[in-house]
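A.B. asks: Structure in structure tokens, see below.
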Amino acid sequence: MTTSSAPGKVYLFGEHAVVYGEPAVPCAVGRRARVTAERRDDGRVRVEASDLSLDGFAITYGGDLDEADVNVPSGLVEAATGYVDGAVDQARDAAGEPDAGFTVTIESDIPLGAGLGSSAAVVVAGIDAATRELGVELPPEELADRAYQVEHEVQEGQASRADTFCSAMGGAVRVEGDDCRRIPDAPELPFVIGYDGGAGNTGELVANVRGLREQYTFAADTVEAIGDIVRTGEHALENDDVEEVGRLMNFNHGLLSALGVSSRSLDTMVWAARDAGAMGAKLTGAGGGGCIVALDTSEGARTALDYTPGCEEAFRAELDTDGVRAE
Ligand code: PMV
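Here the numbering used here runs 2 ahead of the position in the sequence shown, where the first position is 1.
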């Protein structure tokens with residue numbers, strides 16, 4: 003039996019624009035998914051997830067969901083099993099054991115589908131745990147690449163390398179198309195995260211931005227301007243200028259809002275954090291609902307978010323320099 007964990011992430015800058023080849027800077031945060039893989043002799047896959055939803059679920063299947071024995075709604079099961087299936091297939095492929103079966107147990111303290119990279123963390127940790135269970139160790143770069151293939155397939159092509167690379171490597175990373183690298187010596191970033199309890203539909207949000215970009219030159223310019231913010235932000239990070247990083251996050255949120263991917267609850271949380279003295283605040287991930295990320299060294303933003311209607315959970319999260327790891 004082997005267990006691996008991998009971190010979730012926030013986007014400091016660049017979501018959505020990264021889909022069109024602009025750079026983005028995601029940062030791993032100290033909330034993790036832990037996946038345990040135990041080999042089984044019957045070639046089947048059993049998935050147990052205690053806290054992926056409020057009810058939790060357990061399911062055993064032989065690759066065909068129709069013959070599955072399930073105790074929760076099918077949408078959630080299909081989503082979770084798509085990622086787990088993909089991770090298991092990658093592990094079988096990497097180890098050259100196409101018939102290996104597993105019992106996979108998932109525990110995660112990353113809110114689901116909320117812009118914090120929960121699926122990427124599960125896939126990265128899942129591939130690592132299952133390959134090690136088969137006696138093979140993959141370098142984090144290869145884990146990132148294999149996890150990206152899984153996300154790409156499950157999300158029908160609507161995935162950048164940002165989430166999976168960040169989760170595998172940890173720390174602050176820079177992603178531009180297929181070029182992914184770690185940003186060395188990123189400063190301490192005092193993240194505060196606000197979560198509205200909801201989730202946006204990533205596919206739909208990406209499609210809407212794509213439509214706007216095709217229809218209006220100024221929308222295409224907005225996407226390019228986000229790329230400019232990212233490039234400026236990288237210099238701010240190099241110079242340890244956290245206040246400038248905050249200002250640029252505010253700017254980035256404004257442009258994401260212009261592209262229609264914010265929401266009332268995300269805007270309300272962003273303003274609550276700013277009013278309480280945060281250096282900057284923006285939505286993180288696809289938007290539409292989910293999480294915001296603010297920078298604040300004091301307790302002000304977190305406390306304000308605790309009292310903000312529509313904010314279900316507010317928590318502090320440090321930049322996590324550890325990517326995927328054996329537990
Ligand atoms: O909500 P998340 O964490 O899945 O992030 C989506 C980020 C997008 O840029 C909108 C899409 C992508 O795959 O990069």
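In this text, a Cβ means the ideal position worked out from N, Cα and C, and glycines have one as well.
(1) What's the call for glutamate 301, buried or exposed, on a 16-neighbour Cβ count within 10 Å?
(2) Quick one: which unbroken beta strand (DSSP E) runs of 3-plus residues sit fully inside the stretch 74-162? Chain order, please.
(3) Using only CA atoms, which one of Leu14, Phe15, Val21, Arg42 lies nearest to asparagine 210?
(4) Excluding the 5 residues flanking leucine 140 on each side, which residues of the same chain have their C-beta closer than 8 Å to its C-beta?
(5) Measuring alpha carbon to alpha carbon, tell me which of Gln92, Gly179, Arg249, Pro113 ends up nearest glycine 103.
(6) What residues in its chain sit with their C-beta under 6 Å from that of valine 125, if we drop five residues either side in the sequence?
(7) Can you tell me which of the three DSSP states valine 211 falls into?
(8) Nearer than 6 Å: is that true of the beta carbon of alanine 278 relative to any heavy atom of the ligand PMV?
(9) If contacts are defined as beta-carbon pairs under 8 Å, then serine 29 and alanine 174 qualify, I think. What distance do you get, rounded to the angstrom?
(10) Identify, in the order they occur along the chain, each residue of the same chain with its Cβ nearer than 6 Å to the Cβ of lysine 284, setting aside the five sequence neighbours on each side.
(11) With a CB to CB cut of under 7 Å and the five nearest residues on each side skipped, what residues in its chain are close to leucine 145?
(12) Per DSSP, what are the beta-bridge partners of leucine 285 in this structure?
(13) Out of Val295, Gly159, Pro311, Thr310, state which residue places its alpha-carbon closest to the alpha-carbon of glutamate 320.
(14) If you run the structure through DSSP and keep just helix, strand and coil, what is valine 332?
(15) Taking the DSSP output, what are the residues bridged to glycine 173?
(16) Assuming leucine 258 is part of the alpha helix (DSSP H), what are its boundary residues?
(17) On the premise that valine 106 lies in contact with arginine 48, defined as a C-beta separation below 8 Å, what is that separation, rounded to the nearest angstrom?
(18) Could you tell me whether any non-hydrogen atom of the ligand FAD is closer than 6 Å to the CB of glycine 248?
(19) What are the residues that DSSP puts in a beta bridge with phenylalanine 167?
(20) Can you find the residues in the same chain that come closer than 8 Å, C-beta to C-beta, to aspartate 180, ignoring five residues on each side of it along the sequence?
(21) Return helix, strand or coil for valine 49, following the three-state DSSP convention.
(22) When you measure from the CB of glycine 88 to every non-hydrogen atom of the ligand PMV, does any distance come out below 6 Å?
(23) So valine 27 and arginine 176 are supposed to be a Cβ contact under 8 Å. How far apart are they, rounded?
(24) So, for tyrosine 309: in the same chain, excluding its five sequence neighbours on each side, which residues have a beta-carbon less than 7 Å away from its beta-carbon?
(25) Would you say the beta carbon of alanine 127 comes nearer than 6 Å to a heavy atom of the ligand PMV?
(26) Please find out if some non-hydrogen atom of the ligand PMV comes closer than 6 Å to the beta-carbon of alanine 164.
(27) Using only the heavy atoms of the ligand PMV, determine whether one of them is closer than 6 Å to the beta carbon of alanine 174.
(28) Who are leucine 321's beta bridge partners in DSSP?
(29) Within the same chain, show all residues whose beta-carbon is closer than 6 Å to that of alanine 188, passing over the 5 residues directly before and after it, in chain order.
(30) With a CB to CB cut of under 6 Å and the five nearest residues on each side skipped, what residues in its chain are close to leucine 14?
(31) Considering only the alpha carbon of each residue, which of Arg249, Val232, Leu258 lies closest to threonine 224?
C.D. replies: With the given structure in hand:
(1) exposed
(2) 103-110
(3) Val21
(4) Ala96, Ile129, Asp130, Thr133, Arg148
(5) Gln92
(6) Tyr85, Ala89, Ala149, Val152
(7) helix
(8) no
(9) In the sequence on display, residue 29 carries cysteine and not serine. Sure, about 5 Å apart at Cβ, within 8 Å.
(10) Met251, Asn254, His255
(11) Val126, Ile129, Asp130, Ala170, Val326
(12) Ile294
(13) Val295
(14) Within the shown structure, residues of the chain are numbered from 3 to 329, placing residue 332 beyond reach of any answer.
(15) Looking at the DSSP assignment, glycine 173 forms no beta bridge with any residue, so it has no partner.
(16) 244-260
(17) 7 Å
(18) This structure lacks the ligand FAD; its bound ligands are the ligand PMV.
(19) For phenylalanine 167, which the question treats as bridged, DSSP gives no partner whatsoever.
(20) Arg163
(21) strand
(22) no
(23) 6 Å
(24) none
(25) no
(26) yes
(27) no
(28) Val31
(29) Ala174, Leu239
(30) Val27, Cys29
(31) Leu258
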